[in-house]
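Protein sequences appear in the order of chains A and R.
Counting from 1, one number per residue, gives the positions in the first sequence under this note's numbering.
Counting from 1001, one number per residue, gives the positions in the second sequence under this note's numbering.
Working notes, structure below.
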Amino acid sequence: MKDSCSRPLKLLGKYLDGEATDQEKELVGNHLRECQACQAELNSMKELRTLIATPVEEAARQEDFPWVWQKIERQIRAQEKPSWLQSLRERLSLSPFLRRRVWVPALAVALLVVAAAPFLLKITSSPAAASVVVYVESQTNNVMVYESETGPETAVVIWLFEEPGDESSPT
Amino acid sequence: MKKSILLITLVLILSLPLSVTALAQVQARIRIIQASNTGTTVDESLRDVYRELGSLFNFTSYRLMKDLDLNLVGNKPQTVPLHGNRSLEVTLVGEYKKMAELRLRIFRGGTTVLNTQVRLAPGRTVIVGGPKHGDGVAIFAISAGF
Chain A
1 MKDSCSRPLK LLGKYLDGEA TDQEKELVGN HLRECQACQA ELNSMKELRT
51 LIATPVEEAA RQEDFPWVWQ KIERQIRAQE KPSWLQSLRE RLSLSPFLRR
101 RVWVPALAVA LLVVAAAPFL LKITSSPAAA SVVVYVESQT NNVMVYESET
151 GPETAVVIWL FEEPGDESSP T
Chain R
1001 MKKSILLITL VLILSLPLSV TALAQVQARI RIIQASNTGT TVDESLRDVY
1051 RELGSLFNFT SYRLMKDLDL NLVGNKPQTV PLHGNRSLEV TLVGEYKKMA
1101 ELRLRIFRGG TTVLNTQVRL APGRTVIVGG PKHGDGVAIF AISAGF
């Protein structure tokens, strides 16, 4: 090879791929018409490419690209889908109410109300439930339970009936 | 945030024993009254009892025999001696919906003649009566404060 071959040789790959500029194409074309060595180089490059391209094209023809693409799409979707925790965090972080952290004092107030409920109820609840008799029993005497429900106050009376014979002598 | 949680936990812990032991102690007032048809005296301090019993019974006289204040502690019975070998036993057995639950037992000699359990709201009165007392009957007006 001559010194004049070095530049066209460097451009042979681009020339073969059709990527050379018009100026480069002219330079390589003119050189190839005069240089048999470079023509041989170009031919060997073409043969090599044909040799590689044939099995690749054959494999590509046999490959089911739509199926492969579906598979890839599924994998992309699986990777893109966030976990429930991530989506919850995203939703919470999107809420302007929660972003302001108002929920911290709100939760504290709610818990305080729950804690203070027994005291509040004790103060505010009216003694609506009046006196109540849970049970009355006597194995020796008759007993009466009287509950009047008239008026605001309920009177509860438990009465033990003693017979004259029940009277014990005073001590 | 951590400080808030600590504060809330502290409040909850402190509030628990208060609510549980709220009724560990109850002041019970027991008025022992003799109701009879001898005379027409109604003691001034018994007007509230007379208002409830006057329409129910035909007694013409209500006399206050004893006015006792008992400091009741959970499940520790206190006994009040009565006329004619009788006695009244009062026990604080617990709390139910803001009411003190009292067990009342009347003994005659060694026998239990009445066994009852009542729930008393603060300031309310339950009347237990019937045992003979001289020429009339004994009436117990029992109220609780807590």
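Note that CB positions come from ideal geometry on N, CA and C, so glycine has one too.
What you are looking at is a predicted structure, and each value in this text was computed from that prediction instead of being measured.
Roughly how far, in whole angstroms, is the beta-carbon of residue i from the beta-carbon of residue j, given that I think they are within contact range, below 8 angstroms?
i         : j         : result
R:Leu1070 : R:Arg1031 : Contact doesn't hold; Cβ gap of about 12 angstroms is too wide.
A:Tyr146  : R:Leu1120 : That pair is no contact at about 16 angstroms.
A:Leu11   : A:Val28   : 5 angstroms
A:Val157  : R:Ile1127 : 4 angstroms
A:Val134  : R:Val1118 : 6 angstroms
R:Gly1130 : A:Glu162  : 6 angstroms
A:Leu9    : A:Glu41   : 7 angstroms
R:Ala1100 : R:Phe1059 : Going by Cβ atoms, the distance from R:Ala1100 to R:Phe1059 rounds to 28 angstroms, so no, they are not a contact pair.
A:Thr140  : R:Val1080 : Actually they do not touch by this definition, with Cβ atoms about 20 angstroms apart.
Indicate whether at least one CB of chain R lies closer than 8 angstroms to the CB of residue i.
i        : result
A:Glu162 : yes
A:Ala106 : no
A:Val157 : yes
A:Val133 : yes
A:Val113 : no
A:Val143 : yes
A:Val68  : no
A:Glu80  : no
A:Ser87  : no
A:Val136 : yes
For residue i, decide whether its Cβ has a neighbour in chain A, counting only Cβ atoms nearer than 8 angstroms.
i         : result
R:Ile1030 : no
R:Lys1066 : no
R:Lys1132 : yes
R:Val1042 : no
R:Val1118 : yes
R:Thr1111 : yes
R:Gly1129 : yes
R:Val1073 : no
R:Asp1135 : no
R:Asn1115 : yes
R:Glu1052 : yes
R:Asp1033 : Note that residue 1033 of chain R is Ile in the sequence shown here, rather than Asp. R:Ile1033 does not count as touching chain A.
R:Val1126 : yes
R:Glu1101 : yes
R:Leu1082 : no
R:Leu1088 : no
R:Leu1092 : no
R:Leu1046 : no
R:Leu1056 : yes
Please return the same chain residues whose Cβ sits closer than 6 angstroms to the Cβ of residue i, not counting the five positions on each side in sequence.
i         : result
R:His1133 : Gln1034, His1083
R:Gln1025 : Val1073
A:Val143  : Val136, Leu160
A:Ala155  : Ser148
R:Thr1116 : Leu1104
R:Pro1077 : Glu1089, Thr1091
R:Tyr1179 : Beyond the ends of chain R as shown, which are 1001 and 1146, falls residue 1179 of chain R; an answer cannot be given.
A:Ile76   : none
R:Ser1087 : Thr1079, Pro1081, Phe1107
R:Arg1029 : Asp1069, Ser1143
Just to confirm my understanding: we take residue i, look at its own chain, exclude 5 residues before and 5 after, and list those with CB closer than 7 angstroms. What are they?
i         : result
R:Asp1135 : Ser1036, Thr1038
R:Thr1021 : With a pLDDT of only 42 at R:Thr1021, under 50, the local geometry of the prediction cannot be trusted, and no value is derived from it.
A:Leu111  : none
R:Arg1124 : Ser1143
A:Gln221  : Given a span of 1 to 171 for chain A in the structure shown, any question on residue 221 of chain A remains unanswerable.
Give me, in chain order, the residues of the same chain whose beta-carbon lies closer than 8 angstroms to that of residue i; leave out the 5 immediate sequence neighbours on both sides.
i         : result
A:Met45   : Leu12, Gly13, Leu16
A:Asp3    : none
R:Val1049 : Arg1031, Ile1033, Tyr1062, Thr1125, Ile1127, Ile1139, Ala1141
R:Gln1027 : Asp1069, Leu1070, Asn1071, Leu1072, Ala1144, Gly1145, Phe1146
A:Ser138  : Leu160
Below 7 angstroms, is the gap between the Cβ of residue i and the nearest heavy atom of the ligand COA?
i        : result
A:Ala110 : Among the components modelled here there is no ligand, and therefore nothing to report on the ligand COA.
Review point. What are the start and end residues of each continuous beta strand (DSSP E) run of 3 or more residues lying completely inside the region 1080-1133 of chain R, in chain order?
Key: 1086-1096, 1099-1108, 1111-1120, 1125-1133
Point to revise | the region 1095-1105 of chain R / the region 1137-1144 of chain R touching (three or more Cβ pairs under 8 angstroms) | key: yes
Check your understanding: Looking at C-beta atoms only, is the number of pairs between the region 1082-1094 of chain R and the region 1036-1048 of chain R that lie closer than 8 angstroms three or more?
Key -> no
Review point. Touching or not, the region 21-34 of chain A and the region 53-63 of chain A, by the rule of three or more beta carbon pairs under 8 angstroms?
Key: no
Exercise for review: Just list the beta strand (DSSP E) runs in the region 9-55 of chain A, keeping only unbroken ones of 3 residues or longer that don't cross its boundaries, in chain order.
Suggested key: none
Point to revise | Runs of beta strand (DSSP E) wholly within the region 1042-1083 of chain R (minimum 3 residues, chain order) | key: 1061-1073, 1078-1082
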